[in-house]
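Down below is the structure, laid out as C-alpha cells.
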Amino acid sequence: MIAVLKHELRSYFHSLTAYVFGAFLLLFIGLGSMLYNIQAAVSNFEFVLNFSSLIFVVIVPILTMRVIAEERKQKTDQLLYALPISTVQVIVGKYLALLILFLIPLAIISIYPLIFSQFGDVYLLTAYGSLLAFFIMGAALIALGMFISSLTDNQGLAAGIGIAVILFNYYSVSLSEYVSSTAMGTVVALLVLILILAAIIRFLTKNDSLAYGIGLVLVVATLAMYLVNSTVFEGLLPEIMKALSLFDRFATFVNGVFDMTAIVYYCSVIAFFLFLSVQSLEKRRYN
Amino acid sequence: MITVEHLTKCYGDFVAVDDLSFEIGEGHVYGFLGPNGAGKSTTMNIMTGCLSATAGHVRIDGHDIFDEPNQAKALIGYLPEQPPLYMNETPTEYLRFVGEAKGLRGEELTRQIESVMEQTKIQDMRNRCINALSKGYKQRVGIAQALLGNPKVIILDEPTVGLDPIQIIEIRDLIRQLGQSHTVILSSHILSEVQTMCEKILIIAKGKLIAFDAPENLERRLLAPSEITLTTEADEQTAQEILAGVDGITETKFSAGPDSLLTIHLRTDAHDIYHLSKALFFAFAQKNTALLEMALKKANLEDIFLELTESSEESKSSAEAKGAKS
Numbered sequence: 001m002i003a004v005l006k007h008e009l010r011s012y013f014h015s016l017t018a019y020v021f022g023a024f025l026l027l028f029i030g031l032g033s034m035l036y037n038i039q040a041a042v043s044n045f046e047f048v049l050n051f052s053s054l055i056f057v058v059i060v061p062i063l064t065m066r067v068i069a070e071e072r073k074q075k076t077d078q079l080l081y082a083l084p085i086s087t088v089q090v091i092v093g094k095y096l097a098l099l100i101l102f103l104i105p106l107a108i109i110s111i112y113p114l115i116f117s118q119f120g121d122v123y124l125l126t127a128y129g130s131l132l133a134f135f136i137m138g139a140a141l142i143a144l145g146m147f148i149s150s151l152t153d154n155q156g157l158a159a160g161i162g163i164a165v166i167l168f169n170y171y172s173v174s175l176s177e178y179v180s181s182t183a184m185g186t187v188v189a190l191l192v193l194i195l196i197l198a199a200i201i202r203f204l205t206k207n208d209s210l211a212y213g214i215g216l217v218l219v220v221a222t223l224a225m226y227l228v229n230s231t232v233f234e235g236l237l238p239e240i241m242k243a244l245s246l247f248d249r250f251a252t253f254v255n256g257v258f259d260m261t262a263i264v265y266y267c268s269v270i271a272f273f274l275f276l277s278v279q280s281l282e283k284r285r286y287n
Numbered sequence: 001m002i003t004v005e006h007l008t009k010c011y012g013d014f015v016a017v018d019d020l021s022f023e024i025g026e027g028h029v030y031g032f033l034g035p036n037g038a039g040k041s042t043t044m045n046i047m048t049g050c051l052s053a054t055a056g057h058v059r060i061d062g063h064d065i066f067d068e069p070n071q072a073k074a075l076i077g078y079l080p081e082q083p084p085l086y087m088n089e090t091p092t093e094y095l096r097f098v099g100e101a102k103g104l105r106g107e108e109l110t111r112q113i114e115s116v117m118e119q120t121k122i123q124d125m126r127n128r129c130i131n132a133l134s135k136g137y138k139q140r141v142g143i144a145q146a147l148l149g150n151p152k153v154i155i156l157d158e159p160t161v162g163l164d165p166i167q168i169i170e171i172r173d174l175i176r177q178l179g180q181s182h183t184v185i186l187s188s189h190i191l192s193e194v195q196t197m198c199e200k201i202l203i204i205a206k207g208k209l210i211a212f213d214a215p216e217n218l219e220r221r222l223l224a225p226s227e228i229t230l231t232t233e234a235d236e237q238t239a240q241e242i243l244a245g246v247d248g249i250t251e252t253k254f255s256a257g258p259d260s261l262l263t264i265h266l267r268t269d270a271h272d273i274y275h276l277s278k279a280l281f282f283a284f285a286q287k288n289t290a291l292l293e294m295a296l297k298k299a300n301l302e303d304i305f306l307e308l309t310e311s312s313e314e315s316k317s318s319a320e321a322k323g324a325k326s
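Taken in order, these protein sequences are the chains called P and B. Quick note on this note's numbering: the first sequence kicks off at 1 and runs consecutively. Quick note on this note's numbering: the second sequence kicks off at 1 and runs consecutively.
Have a look at this one:
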C-alpha cells in the first residue's frame, strides 16, 4: 500500500497533474479571498470556501481521471494484479495519494484566516470548521471521481462523466425546485432511475437475469408502495435530490453549524465509492 | 512446483481453456507452445492470478493462487505479453516501485535492483525515460521487474515477439541463464524457439493440453512418417524387386533422376529409421546395384506440432460427428 502511495505521488509530481490541481485550487480560493475578505471586507473566510466549492466540478475530474483509466490503457493494471498486493491495498494507496495531493494546497490555504485575523476579527472556529468540511467534501468527490475513472480506459471520458456528475450534484438542490413534487411524478422518476440502475448492473456484471431480477423487484416494490400509500411519494423526488447533494450539506458548515451527520454522510460516501472502485477493479479479473 | 488441476475458463459461450491439468517441477525451462488463440496467455494469466478461472485450481508450491494469493504471487515473477511499464518513469524508479510492492526495503531493495539490472544488462539505461527505450530494452525492463524479489517461478508470455534477431538471441541467452536457477515458463508460437530453449514442452491447442514431454521424446514418439530418398543406377523393375525384400516401407514412388538415374521416394512409419536404411543398403549391395545417394528426412518438431494440433481438431470433429449420429 505504501509502495502504491509513493509511486502515485511521484507520478503526480512528474506530470503536470499535481501542479495544475494545486494551482487551480489556490487561484480560485485566492480570487474568493480577494472578492470577499479584501474588497468586500467581510471577515468570514467560510464564505470564500462556499464560493470556491464550484471549482471542484473542474479540478476533481482533472485529478482523478487518469488514476485507474490510465493503468488500463497502458496495461499496467496487469502488473498490479500480478504483484503480491491486494486490490484493496491498491485502491486505498491510490486514494491516499490523491488525498495528500489535495491536502498540500489546503495547508497553504489554512494560513489565510490567520493572516486575515491580523487585520480584524475573524471567526476562526467557523473558518476552520468549514475548511475541515471542505476537505472531507472534496475527499468524497475524489472517491466518486476515482470510481468513475475505474469504469473506463479512456481518461477523457472519465473526466467528462466526472464533470457531468459533479455539476449535476452541485445544482441538484436548485433543480429540485423545478421537478415535479407530485406522487405520480416521483413514481415516474423512480421507474426511470430503476431502469438506469438495472442497465448499469447489466453493463457491470454482464448478467442478464440478475439485472432484470433486481429491476423487476424494485419496479414491483415501487408500484406496490404507490398503490398502498401514495402520499409517501409526495414531494419525495425533490427530497431525494436534496439528500444526495454533497454541496448542500456543506452550506450548513458555512452557516456556522458543525454538522456531525454531514461528516458521517461524507465518510460513508467515501467508503461506498472506494468499495465500488475495488469491485470495479476486481471485476476485470472475471470477464 | 506448479500444479494445475482441471483448469477451465469460459468467456460467455467460448471455452478458452478446457479442463487443463499438468504439473511442473522445480528448475529448468518449460515451453508453452500452441497456435494463436490456443489459450496460452489465458492460462498464464490465470496461473499468475491476473484472471479468475471458471473452474479448477492452480497451486504454486502448495499455495492456491485464489485462496492465498499473496503467498502464491510472491513466488512468481510475471511478464505479460505487453510489458506493463509506466512510460514516463525511468527503469530505476519503475523497479523501485515494483520492488517495494513485492515487500523489499532499504539495502536489500537497492541490492536487488542492481543485480537484476546487471542480469538484464540495462544499467546504461537506468536513468532514461522508459518511453525512449527501444522495444528490446523495454522487454528487458519487463523481465527485470519479473526477477525482483527472487521468485522461484518466472513466467514469460511471448518474451521474444517483436524483437530483432540480435535482441532475440540475447533474450534467449538470458532465459537460458535464468533456467539454471529458476523454474522458467515461457510461451511461444514459434517452434524453433521453444525447441532451442526448453527442456520440456507443453503443446496446447483449443485450450487442451495435447502433449507434455521433452523435445527429443516428442520427436521420437512421432507418428508422422519419415521419408527416404534414394538415387540408384538400377532400372525401375530391378529396384522394385529389391525393395520387395525390405520390410517397413509403406509407400514407394519412382521418378527419373539426373543422368538417366532412378530416384526413389520411400515413406515409412518405422520407429528406427536407421535400421531401415541399413537394410536398404545391404539389399541393394547384394544385387550388386550401386546406391549413389541416400537421404533421410526425419519428421521434426514442426511436423509433430502440426500433426498434434490438427489431429486434435480432427478427433474433436469426428467425436462431434459420432455424437450427432448417435
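Think of the CB as a built atom: it goes at the ideal place given N, C-alpha and C, for glycine as much as any other residue.
* Asked: Cβ atoms of P:Ser130 and P:Glu46: under 7 Å apart, would you say?
  -> Yes. Within cutoff.
* Asked: What number of angstroms, rounded off, separates the C-alpha of P:Ala281 from the C-alpha of P:Leu191?
  -> The displayed chain sequence assigns Leu, not Ala, to residue 281 of chain P. If you draw a straight line from the Cα of P:Leu281 to the Cα of P:Leu191, it is about 29 Å long.
* Within this structure, are the beta carbons of B:Glu227 and B:Leu261 separated by less than 7 Å? -> Their beta carbons are not under 7 Å apart, which means B:Glu227 does not touch B:Leu261 by this criterion.
* Local conformation of B:Ile190 per DSSP, three classes -> B:Ile190: coil per DSSP, three-state reduction.
* Span of the beta strand (DSSP E) around B:Lys102 -> Premise fails: B:Lys102 is in no beta strand (DSSP E) and is neither H nor E.
* **Rounded separation between P:Arg72 and P:Asp153 - CA only** => If you draw a straight line from the Cα of P:Arg72 to the Cα of P:Asp153, it comes to about 5 Å.
* **B:Arg126 vs B:Thr92 beta-carbon contact at 7 Å** => Contact: yes.
* Given B:Thr3, which residues of its chain have a CB within under 6 Å of its CB, disregarding the five upstream and five downstream residues? -> Short of 6 Å from the beta carbon of B:Thr3, and not among the five residues preceding or following it, lie these beta carbons of its own chain, in chain order: Glu23, Arg59.
* Asked: Can you list the residues of chain P that B:Ala270 reaches, using a CB-CB cut of under 8 Å?
  -> Proximity of chain P to B:Ala270 at the Cβ level (cut-off 8 Å) is not reached, the minimal Cβ distance being about 48 Å.
* Asked: With burial defined as no fewer than 16 other Cβ atoms inside 10 Å of the residue's Cβ, what is the status of B:Pro258: buried or exposed?
  -> Per the 10 Å Cβ criterion, exposed.
* Enclosing alpha helix (DSSP H) for B:Ile60 [first to last residue] -> That residue, B:Ile60, is in no alpha helix (DSSP H); its beta strand (DSSP E) goes 55–60.
* Report the rounded CA-to-CA distance for B:Asp157 versus B:Lys40, giving the unit in angstroms. => Spanning the two alpha carbons is a distance of roughly 8 Å.
* **8 Å Cβ shell around B:Arg96 - same chain, five flanking residues per side excluded** => Same-chain partners within the cutoff: Leu109, Ile113.
* Asked: Does B:Gln82 get closer than 7 Å to chain P when you measure Cβ to Cβ?
  -> Chain P, which has a Cβ nearer than 7 Å to the Cβ of B:Gln82, makes this yes.
* How is P:Met65 classed by DSSP in three states: helix, strand or coil? -> In this structure, P:Met65 counts as coil in the three-state DSSP scheme.
* **Closer than 7 Å at the beta carbon, the chain B residues around P:Ala3** => Within chain B, the residues placing a beta-carbon under 7 Å from that of P:Ala3 are Phe97, Glu100, Ala101, ordered along the chain.
* Return no unless some Cβ of chain B is closer than 7 Å to the Cβ of P:Arg72. => No, because no Cβ of chain B sits closer than 7 Å to the Cβ of P:Arg72.
* Stretch-stretch touch, CB-based, cutoff 8 Å, three pairs: the stretch 3–19 of chain B with the stretch 48–66 of chain B -> When Cβ pairs closer than 8 Å are counted between the two stretches, the stretch 3–19 of chain B is seen to touch the stretch 48–66 of chain B, the count reaching three or more.
* To do: Along the beta strand (DSSP E) that carries B:Leu85, what are the first and last residues, could you check?
  => Boundaries cannot be given for B:Leu85, as no beta strand (DSSP E) includes it and DSSP labels it neither H nor E.
* **P:Ala198 - containing alpha helix (DSSP H), residue span** => Following the DSSP letters along the chain, one finds P:Ala198 inside the alpha helix (DSSP H) bounded by residues 183–205.
* When the Cα atoms are used, what is the spatial distance from P:Val20 to B:Glu199? -> Going by C-alpha positions, P:Val20 is about 54 Å away from B:Glu199.
* For B:Ser52, I'd like the list of residues in its chain whose CB is within less than 6 Å of its CB, leaving aside the five on either flank, ordered along the chain. => Correct list: empty, nothing qualifies.
* To do: Could you work out which residues of chain P lie near B:Gly27, taking near to mean beta carbons separated by less than 7 Å?
  => Residues of chain P passing the Cβ test: none, with the nearest at roughly 22 Å.
* Run through the stretch 123–199 of chain B for me and flag every whole beta strand (DSSP E) of 3 or more residues, listed as ranges in chain order. => As far as the stretch 123–199 of chain B is concerned, its whole beta strand (DSSP E) runs of at least 3 residues are 153–157, 183–188.
* Near-chain P residues of the stretch 48–72 of chain B (beta-carbon distance less than 7 Å), N- to C-terminal order -> If you check each beta-carbon in the stretch 48–72 of chain B against every beta-carbon of chain P, the ones closer than 7 Å belong to Thr48, Gly49, Cys50, Leu51, Ser52, Asn70.
* is_contact[B:Tyr78, chain P] using C-beta, thresh 7 Å -> Nearest CB-CB separation between B:Tyr78 and chain P: below the 7 Å threshold.
* Asked: Which bits of chain P does B:Met87 rub up against, with CB to CB less than 8 Å?
  -> Those are Gln74, listed as they occur along chain P.
* Asked: For the alpha helix (DSSP H) that B:Ala244 lies in, which residues bound it at each end?
  -> First-last of the alpha helix (DSSP H) with B:Ala244: 236–244.
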